[in-house]
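A.B. asks: For the working numbering, add 1134 to where a residue sits in the sequence shown, where the first one is 1. All C-beta atoms, glycine included, are put in the ideal place defined by N, C-alpha and C. Source: prediction; values computed, not measured. This is the structure I have questions about; it appears just below.
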Amino acid sequence: MRSVPAPAAFLAVLTLCVGAAAAETVYITQLDGATAGTASNGLGTATLILNDEKTAVAYDVDFQDLSGVETGAHFHYAEPGSPGPRLLTLNLGLPKIGVWELDAFDLAQLEAGLVFVMIHSDVYPGGELRGNLTSGVVASEAASWGGVKALFR
């Protein structure tokens, strides 16, 4: 079976969510142990790009240097610093690239700044890395690879 390199796969997924608009709403975060309340030296990033219809986000979550073996990864919702219920379970391992179909509740949590990413490990089963997603609008070229690439510069 032939596999697609992770960056190429993410760019392909983005084309599903990137329309002809002149700007894209992007949610980003840095994942770290301090935000999760752990002593982990692990780090990571998460990027979500909201489609024009506000019905889905393309996501890319990456991390490194966990203290233990990854046991789970999720999008949760709660105020920053608080625990919260899961919105979406992500695959184990890397890459974590996909599309999350949003319902009205998910979208409201995301737009309110209440969604966070949590990576769990056997050393920190309650969550080793965490990052709270924040939004911004990024200018892009309409429906072009240049526009998609510009989101990550």
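(1) Could you tell me which of I1231, M1252, F1209, Q1164 sits nearest to L1241, measuring between CA atoms?
(2) Between L1267 and V1251, how many whole angstroms is the CB-CB distance? I'm expecting something under 8 Å.
(3) How about V1257 and S1216: are their beta carbons less than 8 Å apart?
(4) Which residue or residues does DSSP assign as beta-bridge partners of L1182?
(5) Comparing alpha-carbon positions, which option in E1158, G1247, A1170 lies nearest S1255?
(6) So, at 8 Å on beta carbons, what are the nonlocal neighbours of G1265 in its own chain, with the 5 sequence-adjacent residues on each side left out?
(7) Where does the unbroken alpha helix (DSSP H) through T1205 begin, and where does it stop?
(8) Can A1207 and L1224 be called in contact, C-beta distance under 8 Å?
(9) If I measure Cβ to Cβ from R1220 and keep anything under 8 Å in the same chain, skipping five residues before and after, which residues do I get?
(10) Starting from L1244, trace the alpha helix (DSSP H) both ways and give me its first and last residue.
(11) What does a CB cutoff of less than 6 Å around D1196 pick up in its chain, not counting 5 residues either side in sequence?
(12) Excluding the five sequence neighbours on either side, which residues of its own chain have a C-beta within less than 7 Å of the C-beta of F1239, listed in chain order?
(13) Is the Cβ-Cβ distance between T1189 and E1235 less than 8 Å?
(14) Check each candidate in A1157, G1218, D1186 and name the one with the smallest Cα separation from Q1243.
(15) Can you list, in chain order, the residues of its chain with a C-beta nearer than 7 Å to that of V1203? Leave out the 5 residues immediately preceding and following it.
C.D. replies: Reading from the atomic positions:
(1) F1209
(2) 7 Å
(3) No.
(4) Residue pairing by DSSP places L1182 opposite Y1161, Y1193 in a beta bridge.
(5) A1170
(6) T1163, Q1164, L1165, D1166, T1169, G1178, T1179, A1180, F1250, V1251
(7) Per DSSP, T1205 lies in no alpha helix (DSSP H) segment; the continuous beta strand (DSSP E) that holds it begins and ends at 1204-1211.
(8) yes
(9) H1208, F1209, H1210
(10) Counting along the chain, L1244 sits inside the alpha helix (DSSP H) bounded by residues 1238-1245.
(11) G1178, T1179
(12) none
(13) Contact flag set, yes.
(14) G1218
(15) S1255, D1256
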